[in-house]
Amino acid sequence: MAILFDWKRENSASANFMLSAAAWLVIGVTFGLILALEFVFPDIFKGVPWLVFGRLRQAHVNTVLFAWLSGAMMGLWLYIVPRLTGRRIWSELIGNISAAAWNISLAVGIVGLLAAQSQSREYAEMIYAVDIAVMVVLLLNLVNIWMTVAHRVEPKLYVSMWYIIGTVMWFPLLYFIGNVMWAPPTGALTGVNDTIFNWFYGHNVLGLWFTTGLLAVVYYIVPRETQTPLYSHFLSLIAFWGIAFFYTGVGAHHLLWAPIPYWLKTVAVAESFGMVIPVMAFMFNILLTMRGNWAKIRVSVPLLYVITGWAAYILVSYQGSHQAIRGINELTHFTQYVPGHAHLALLFFSASVIMGGIYYVIPRIYDCEIWSKRMARAQYAFYLIGFFAFFMGFFLTGITQGSAWVHQGLPVWTVLPGLRPYMALRVIGGVLVVTSFVMFAINVFATVRVRRHVELPGERIPLAEEVSAS
Numbered sequence: 038m039a040i041l042f043d044w045k046r047e048n049s050a051s052a053n054f055m056l057s058a059a060a061w062l063v064i065g066v067t068f069g070l071i072l073a074l075e076f077v078f079p080d081i082f083k084g085v086p087w088l089v090f091g092r093l094r095q096a097h098v099n100t101v102l103f104a105w106l107s108g109a110m111m112g113l114w115l116y117i118v119p120r121l122t123g124r125r126i127w128s129e130l131i132g133n134i135s136a137a138a139w140n141i142s143l144a145v146g147i148v149g150l151l152a153a154q155s156q157s158r159e160y161a162e163m164i165y166a167v168d169i170a171v172m173v174v175l176l177l178n179l180v181n182i183w184m185t186v187a188h189r190v191e192p193k194l195y196v197s198m199w200y201i202i203g204t205v206m207w208f209p210l211l212y213f214i215g216n217v218m219w220a221p222p223t224g225a226l227t228g229v230n231d232t233i234f235n236w237f238y239g240h241n242v243l244g245l246w247f248t249t250g251l252l253a254v255v256y257y258i259v260p261r262e263t264q265t266p267l268y269s270h271f272l273s274l275i276a277f278w279g280i281a282f283f284y285t286g287v288g289a290h291h292l293l294w295a296p297i298p299y300w301l302k303t304v305a306v307a308e309s310f311g312m313v314i315p316v317m318a319f320m321f322n323i324l325l326t327m328r329g330n331w332a333k334i335r336v337s338v339p340l341l342y343v344i345t346g347w348a349a350y351i352l353v354s355y356q357g358s359h360q361a362i363r364g365i366n367e368l369t370h371f372t373q374y375v376p377g378h379a380h381l382a383l384l385f386f387s388a389s390v391i392m393g394g395i396y397y398v399i400p401r402i403y404d405c406e407i408w409s410k411r412m413a414r415a416q417y418a419f420y421l422i423g424f425f426a427f428f429m430g431f432f433l434t435g436i437t438q439g440s441a442w443v444h445q446g447l448p449v450w451t452v453l454p455g456l457r458p459y460m461a462l463r464v465i466g467g468v469l470v471v472t473s474f475v476m477f478a479i480n481v482f483a484t485v486r487v488r489r490h491v492e493l494p495g496e497r498i499p500l501a502e503e504v505s506a507s
């Protein structure tokens, strides 16, 4: 584990981000399983303030969004960028300081949420001091990646670099606006304006952070693992600029029944359907790159997970566009269908790509093979079965709620007893998903610990040294 402590060693920052994220994953999904149990047995943790639903839900969301998914994604970037620029990361030291600061600040924020220290805004719950620390890390990451690109040896920018460069540039601005950081200590505006800002931010955490950041990983790993050039850089351009143009305004489709300007609702609906264009471009680009290569999924664990994430992205994108239709939105709004959609995006699309990315990168950092490919495939089976059981629990609950409220005019409390079987299905699926993620964490840490040496071709970059003075 020496790489964890040698802060100037090549790839140490990447490894530290990913390994700490794998540890956070187990914590975050454990929080989620406890929440699922509370839906079935509301009084199971009665009298334990740290496990009250309102506190635990915020801790779960922020642990998964930032400590697990974001930390792992930044670790993947710090591996991918040097390989696409021909230059070691500008400053390994800055990367490691960023990893340490990221984990410390999020630990403070998550413990604070469990202790009821919250700003009570969706995806922006952590206290103002933590927001400052997060912004500092995002800016350090921006500088580190942009300086690496500025000193690159490779003159051409591959498509993954477009996505990474754009993501690290626009997300700090998005985080600043969404957390209303010019208004401490509340981090909020007044009235309906705060709702508009909150959902501009909340939806773009997925669209302009995870989507763009993780499509970069897909574009990198699929050609590498299939040994096939990307089908079309033109389609990549359409997808990139389509996301950048259409995604920014879709957040207001969560507010179609709120007293916000009607033109803003119309823009949100139109842009939600405009997203079909970049999604189709991305879908066909990867589909045609995979042509003749589908059998490689049987032998490549990273490719198996990344292609699963590709399919999940298509599903969640089309589902999201259809949720923007006013008639469908009326049925699903305020129901469990909406968090089901969020889990499809974060638990299925994002987590699949990240697990595939980590299974690809960690063995190459440590010059070894995955500790147990059999465990990785067994984990995949638990993950797939568990997720769809889990998702169907959300889906059936949401459709039942919406139908009863909208079409039958029933009050909320009369519907609750009939939802219990669907809530139980979520627990069953959740147990399988948590088991899968624990297996993943064990496999990753065992890979690093055991390190069965093997040469993995085509990944080392002795082209140039790091260029910062650190």
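Under my numbering, the first residue of the sequence shown is numbered 38, with each subsequent residue one higher. Backbone N, C-alpha and C define an ideal beta-carbon position, used for all residues, glycine too.
Query raised in the report: Helix or strand or just coil, what does DSSP make of residue 370?
Result: Coil.
Report task. Give the straight-line distance between the Cα atoms of residue 289 and residue 467, rounded to the nearest whole angstrom. Result -> CA-to-CA, the gap between residue 289 and residue 467 works out to about 30 Å.
Query raised in the report: What did DSSP end up calling residue 240 once you bin it into helix, strand or coil?
Result: Here DSSP, grouped into helix, strand and coil, assigns residue 240 to helix.
Query raised in the report: Since residue 193 is in the alpha helix (DSSP H), which residue starts that stretch and which ends it?
Result: Counting along the chain, residue 193 falls outside any alpha helix (DSSP H), and DSSP gives it neither H nor E.
Requested in this report: Below 7 Å CB to CB, which residues in the same chain sit around residue 97 once its five sequence neighbours on both sides are set aside?
Outcome: Once the five neighbours on either side are set aside, the close Cβ partners of residue 97 are 65, 68, 69, 72.
Query raised in the report: Do residue 146 and residue 172 come within 7 Å of each other at the CB atom, strictly closer than that value?
Result: Taking the C-beta atoms as reference points, residue 146 is found no nearer than 7 Å to residue 172.
Query - Nearest neighbour of residue 63, chosen from 471, 419, 76, 389 [CA to CA] - result: For residue 63, the closest C-alpha among the options 471, 419, 76, 389 is that of 471.
Requested in this report: Decide if residue 303 is buried, meaning its Cβ has at least 16 other Cβ atoms within 10 Å, or exposed.
Outcome: Around the beta carbon of residue 303, fewer than 16 other beta carbons lie within 10 angstroms, which makes this residue exposed.
Requested in this report: Ignore the nearest five residues each way along the sequence and tell me which others in residue 35's own chain have a CB closer than 8 Å to its CB.
Outcome: Residue coverage of the chain in this structure runs from 38 to 507, which leaves residue 35 outside it and unanswerable.
Query raised in the report: If residue 44 sits next to residue 133, beta carbons under 8 Å apart, how far is it from one beta carbon to the other, in whole angstroms?
Result: In this structure residue 44 touches residue 133 by the C-beta definition: roughly 4 Å separates them, less than 8 Å.
Query - C-alpha distance - residue 135 paired with residue 153, whole-angstrom precision - result: C-alpha separation (whole angstroms): 27 Å.
Query raised in the report: Among all the DSSP beta bridges, which residues are the ones paired with residue 490?
Result: In the DSSP assignment, residue 490 is bridged to 405.
**Report entry** Runs of alpha helix (DSSP H) lying entirely within the segment 201-264, each at least 4 residues, in chain order
**Finding:** You should have 229-242, 249-263.
**Report entry** Best match in 193, 249, 396, 190 for proximity to residue 283 [C-alpha to C-alpha]
**Finding:** Looking only at 193, 249, 396, 190, the smallest Cα-Cα distance to residue 283 is reached by 249.
Query raised in the report: DSSP three-state call for residue 454: helix, strand or coil?
Result: Helix at residue 454.
**Report entry** Stretch-stretch touch, CB-based, cutoff 8 Å, three pairs: the segment 387-403 with the segment 344-352
**Finding:** Enough Cβ pairs lie closer than 8 Å, so yes.
Query raised in the report: Is residue 482 helix, strand or coil when you go by DSSP?
Result: In the three-state scheme derived from DSSP, where H, G and I count as helix and E and B as strand, residue 482 is classed as helix.
Query raised in the report: How many whole angstroms separate the CB atoms of residue 352 and residue 419, which I take to be in contact at a CB cut-off of 8 Å?
Result: Your pair residue 352 and residue 419 does not check out as a contact, with CB atoms roughly 20 Å apart and the cut at 8 Å.
Query - Contact check, residue 517 vs residue 434, beta carbons under 7 Å - result: Outside the shown range of the chain (38 to 507) lies residue 517, about which nothing can therefore be said.
Query raised in the report: Any chance the segment 364-375 sits against the segment 81-88, with 3 or more Cβ pairs inside 8 Å?
Result: Judged by pairs of C-beta atoms under 8 Å, the segment 364-375 does not touch the segment 81-88, as fewer than three such pairs exist.
Query raised in the report: Sorted by chain position, which residues of the same chain lie with C-beta nearer than 7 Å to residue 475's C-beta, five sequence neighbours on each side aside?
Result: Here residue 475 has 63 as same chain residues with Cβ atoms under 7 Å from its own Cβ, once five neighbours each way along the sequence are excluded.
Query raised in the report: By Cβ distance, which residues of its chain are closer than 7 Å to residue 255, with the 5 residues on each side in sequence left out?
Result: Only 323, 343, 346, 347, 390 meet the Cβ criterion.
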